[in-house]
Amino acid sequence: MRILRARKPVSLDLDHMRMLHREAIEQLELMRTSVEAAEQASDRLRDKLDDMAFNHWHAYLDIMHMLCIHDQAMGSAMNRYGMKMRDAEESDTTSRQAGLQRLLLLLLIAALLRRHRRMEHIFNLRSGPMGDYLQENSTMEREHMAELVSMIHNMV
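Numbering (this note's numbering), first residue to last: 927 to 1082.
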């Protein structure tokens, strides 16, 4: 007879999580730069900059997919907002609305950047005396990040 054992929770590799959040920040900053430049551009140049921003969004979603693999709580939060991390492939065929709502998109990107910086900060402090507070706070941050990703994904 086979003995069933309870699964042990997987411990997070904090250095790897910080690195993934740093890379997410990098992709979002590149996307923000493209969107800001597209605001000032016209016609073909704007279209090329929009394509660049869209490509950075897909790279960001790939990083989020890796984050969700390593952080089950983040994956659960993303699923609650209807984000499957492979949604990027199917959105290639849908029309993009980024040009219509650039200011809102920039504000959402700024908010998402702030959340990633906050998570990176939390992973730096995780082993300190504020561990319980930071654990609760990281749950809220994951929820907010998932909601922001969903909002931006629906716009892009």
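Backbone N, C-alpha and C fix where the C-beta goes; we use that ideal spot for every residue, glycine too.
For Ser1002, the three-state secondary structure derived from DSSP is helix. When the alpha-carbon of Thr959 is set against those of Arg1068, Gly1057, Glu1073, Leu1032, the nearest one is in Leu1032. The segment 1042 to 1061 makes no contact with the segment 971 to 985: fewer than 3 CB pairs, one atom from each, lie closer than 8 angstroms. Secondary structure at Gln1027: coil, using DSSP grouped into helix, strand and coil. For His1042, the CB contacts under 6 angstroms within the same chain, skipping 5 residues up- and downstream, are His947, Ala950, Ile951 in chain order. Ala967 carries a coil assignment under DSSP once its states are collapsed to helix, strand and coil. Exposed is the label assigned to Met1066, since fewer than 16 other Cβ atoms lie within 10 Å of its Cβ.
DSSP places Tyr1059 inside the alpha helix (DSSP H), whose first and last residues are 1057 to 1081.
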